[in-house]
Amino acid sequence: MFLLISKNLIPLMIGARILMDNQALYKKAPKGL
Numbered sequence: 008m009f010l011l012i013s014k015n016l017i018p019l020m021i022g023a024r025i026l027m028d029n030q031a032l033y034k035k036a037p038k039g040l
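Position one of the sequence shown corresponds to residue 8 (the working numbering), numbered consecutively onward.
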């Protein structure tokens, strides 16, 4: 049971991290982009 949860949790955490990084990059980027 725990293995199944952790297997799904890791991609979720990675995806959330990528989303946050993308948002930070978007805020730093010029308005033209």
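Ideal placement from N, C-alpha and C gives every residue a C-beta, glycine not left out.
Euclidean distance between Cα positions of residue i and residue j
i: residue 9; j: residue 34; result: 37 Å
i: residue 16; j: residue 36; result: 30 Å
i: residue 21; j: residue 13; result: 12 Å
i: residue 23; j: residue 11; result: 19 Å
Neighbourhood of residue i by C-beta distance below 7 Å, restricted to the same chain and skipping five residues each side
i: residue 28; result: none
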